[in-house]
Amino acid sequence: MANKAKIAEIFTSIQGEGSYIGVKQLFIRFCGCNLNCNFCDTNGISDENYLEFTADELKKHLDNFNLRIIHSISLTGGEPLLWADFLIEFLPIIKNKIYLETNSTLNNNLEKIINFVDIISADIKLPSASGIQNSFAVHDEFFKTARKYDKEIFAKIVFDKNILEDEINHCLKLAEKYNLELILQPKTEEENIAVSPETILEVLDKFLSQHPKTRLIPQVHKYLGVE
Ligand code: SF4
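Straight run, no breaks: the sequence shown in the numbering used here ends on number 386.
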């Protein structure tokens, strides 16, 4: 029997985070997540009014959108890799470029679908900002897999004023080991950046002094008032 996925919403918009900021994408927002970050703005929306699709049904549903003018299809959430068994059936029948937005903790599921993914936007979860503990070793395995398959990948780090030197060092080690572009993203609260300009620049300088491939990019879709 075909696998079904629970999907919270499907829409087109502008990518508001990371290296591909500003491109138009079709977003497929999957329900559920294996984490529970302090700053999560999506984990709670998922489970009441979800849509349910098989791979063929979802492909047909995408005919409602103009897929010729989008840069890529963003698999987002929640955590899309929770739905790897569905994605194994869905991704091979899709012609668009696939952009995976992930919390980078489900390495085994990444292995199942990585051949069908073009770009990976991978979080590094800092305990100080996310409340998620012991994530660095798990991220290490995840980045190892992405590099083994020679995939385009960059790492996104949400931080606030509580960021620790030890956390910065862990991020820098991962960045060096896997040659990652780092995108620092100051935490937002109720649509506003929750980190002072002084702290933002100080944190950026600490990263840049050891890893030139670091950029600071806030979430821009919120300024545009789009999803
Ligand atoms: S990984 Fe993303 S979706 Fe999951 S709890 Fe954290 S912020 Fe929310």
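Think of the CB as a built atom: it goes at the ideal place given N, C-alpha and C, for glycine as much as any other residue.
Excluding the 5 residues flanking it on each side, His370 has same chain C-beta neighbours closer than 8 Å at Leu331, Ala334, Glu335 and Leu341, in chain order. Pairwise C-beta distances place the region 308–316 in contact with the region 283–297, as three or more of them are shorter than 8 Å.
Sixteen is the threshold: since fewer than 16 other Cβ atoms of the shown chains lie within 10 Å of the Cβ of Pro251, the residue is exposed. Spatial neighbours of Gln184 in its own chain (CB-CB distance under 8 Å, excluding positions within 5 residues in sequence) are listed in chain order as Thr171, Ser172, Ile173, Gln174, Ile229, His230, Ser231, Ile232, Ser233 and Tyr258.
Restricted to the region 291–364, the alpha helix (DSSP H) segments that are unbroken, complete and at least 4 residues in length are 295–307 and 324–337, listed in chain order. Distance from the CA atom of Ser178 to the CA atom of Asn262, rounded to whole angstroms, is 16 Å.
Excluding residues up to 5 positions away in sequence, Gln174 and His230 lie with their Cβ nearer than 6 Å to the Cβ of Val182 in the same chain.
Here the alpha carbon of Phe212 sits roughly 44 Å from the alpha carbon of Thr358.
Considering only Phe366, Asp309 and Tyr337, the residue with the shortest C-alpha distance to Leu323 is Phe366.
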